[in-house]
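Q: In this text, residue positions in the sequence shown follow our numbering: the first is 7, and each later residue adds one. Would you mind keeping the following structure in view while I ask a few things?
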Amino acid sequence: LGTTFSNNVLDDTKSFSLTIEDPAKMEGVPPSAKALWANAHVQYLKNNAKENEDVPEMDADKGPWRITLDIPSYLPAMTHLKDRGLRETIYKAYIQRASESNADKNNVPLIYEILSLKQEMAKMLGFSNYAELSLAKKMAPSVKAVEELTDLIAEKAVPAAKKELAEITALAKEQGGDEYTSLEKLEPWDVTYWSERLKESKFNMTDEELRPYFALPAVLDGMFGLLSRLFDVE
């Protein structure tokens with residue numbers, strides 16, 4: 007069941023793509039994201055090209071750009087695409103993967119079956135529910151302790167989240183133009199985009215400017231250096 011569940015999500019993830027041909031839609035998108043999407047388009051053409059068919063070279067500035075639901079493609083789209091309609095389309099496709107919207111890949115019945123089997127297994131092993139069974143091999147002493155910790159975190163986190171959301175909404179209404187002015191609240195596909203704009207306005211820095219400092223060789227050197235200092239291993 008677990009494998010079927012994962013395969014359904016994977017199949018639905020791979021089945022969606024959105025190709026953008028208008029360069030104006032790429033306003034504000036960093037070069038790394040445009041290059042990723044442009045390369046995805048070229049690779050798609052190559053994979054579907056007929057024998058001896060010419061495929062154009064990748065052009066990150068002129069496109070076309072192919073956006074998919076894979077996280078490295080999806081997150082930049084939600085973070086940097088200015089067009090609300092595009093973000094809405096991509097967001098809804100992402101959250102509806104393997105859901106009731108696709109009868110062939112619907113995971114909802116699987117979820118109920120998995121939950122039922124987990125409860126049955128817990129009962130057979132002498133536990134009241136699957137949560138107790140799961141905690142039997144973990145550090146948390148009881149389900150109640152987990153609930154108390156969750157409530158404690160929520161008590162601190164929710165007010166901070168509401169405050170930040172209010173800041174994001176105010177920024178969207180201030181800078182987003184007429185389509186945001188009359189909104190009572192931001193839609194889910196707006197939050198990531200405007201959260202990034204808020205971060206940029208507060209810290210005067212973008213993720214693209216930080217990217218060179220987190221190149222794979224630098225990250226690996228830092229990770230192994232930390233392990234060496236902590237555990238005295240080479």
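Glycine included, C-beta positions come from ideal geometry on N, C-alpha and C. Computed from a predicted model, the values in this text were never measured in an experiment.
Where does residue 103 sit, in a helix, a strand or coil, going by DSSP?
A: Reduced to three states, the DSSP call for residue 103 is coil.
Q: DSSP state of residue 212, grouped into three classes?
A: Coil.
Q: How is residue 87 classed by DSSP in three states: helix, strand or coil?
A: In this structure, residue 87 counts as coil in the three-state DSSP scheme.
Q: What first and last residue would you give for the alpha helix (DSSP H) that runs through residue 235?
A: Looking at the DSSP string, the run of the alpha helix (DSSP H) that includes residue 235 is 222 to 237.
Q: Quick one: what's got a C-beta closer than 7 Å to residue 27's C-beta in the same chain, skipping five residues either side?
A: Once the five neighbours on either side are set aside, the close Cβ partners of residue 27 are 69 and 70.
Q: Cα separation between residue 221 and residue 150?
A: Distance between the alpha carbons of residue 221 and residue 150 is about 43 Å.
Q: Out of 88, 80, 161 and 54, state which residue places its alpha-carbon closest to the alpha-carbon of residue 101.
A: It is 80 whose Cα lies nearest to the Cα of residue 101.
Q: State buried or exposed for residue 25, treating a residue as buried only when at least 16 other CB atoms are found within 10 Å of its CB.
A: Exposed is the call here.
Q: Considering only the alpha carbon of each residue, which of 32, 177 and 129 lies closest to residue 93?
A: Closest by alpha carbon: 32.
Q: Pull up the DSSP beta-bridge partners for residue 26, would you.
A: Looking at the DSSP assignment, residue 26 forms a beta bridge with 71.
Q: Please list, in chain order, all residues of the same chain as residue 192 whose beta carbon is under 7 Å from its beta carbon, the five residues on each side excluded.
A: 174, 175, 178 and 200.
Q: So residue 11 is in the alpha helix (DSSP H); what residue range does that whole segment cover?
A: From DSSP, the alpha helix (DSSP H) with residue 11 extends over 8 to 21.
Q: May I ask you to report which of helix, strand or coil DSSP gives residue 56?
A: Residue state, collapsed to three classes: coil.
Q: Helix, strand or coil for residue 64? Go by DSSP, reduced to three states.
A: Three-state DSSP puts residue 64 in coil, outside helix and strand.
Q: Among the candidates 216, 194 and 180, whose CA atom is the shortest distance from the CA of residue 188?
A: When each option's Cα is compared against that of residue 188, the closest is 180.
Q: In or out: residue 83 buried (at least 16 other Cβ within 10 Å) or exposed?
A: With 16 or more other Cβ atoms within 10 Å, it is buried.
Q: Looking only at its chain, what residues have a beta carbon closer than 6 Å to the beta carbon of residue 15, apart from the 5 residues adjacent to it on each side?
A: If we look at residue 15 and ignore the five residues flanking it on each side, its Cβ neighbours are 103 and 104.
Q: Find out if the Cβ-Cβ distance for the pair residue 6, residue 51 is shorter than 8 Å.
A: The question about residue 6 has no answer here: the residues shown for the chain are numbered 7 through 240.
Q: Which of the three DSSP states is assigned to residue 127 in this structure?
A: Looking at residue 127 - three-state DSSP - the assignment turns out to be helix.
Q: Report the CB separation of residue 22 from residue 87 in whole angstroms; it is logged as a contact under 8 Å.
A: Contact flag wrong, Cβ pair sits at about 15 Å.
Q: Which word fits residue 235, buried or exposed, when buried means at least 16 other C-beta atoms lie within 10 angstroms of its C-beta?
A: Residue 235 is exposed by the Cβ-count criterion.
Q: Is the distance from the Cβ of residue 134 to the Cβ of residue 141 below 8 Å?
A: No.
Q: Contact defined as beta carbons within less than 8 Å: I believe residue 5 pairs with residue 239. What is the distance between those atoms, to the nearest angstrom?
A: Residue 5 lies beyond the stretch modelled for the chain, which goes from 7 to 240, so this question has no answer here.
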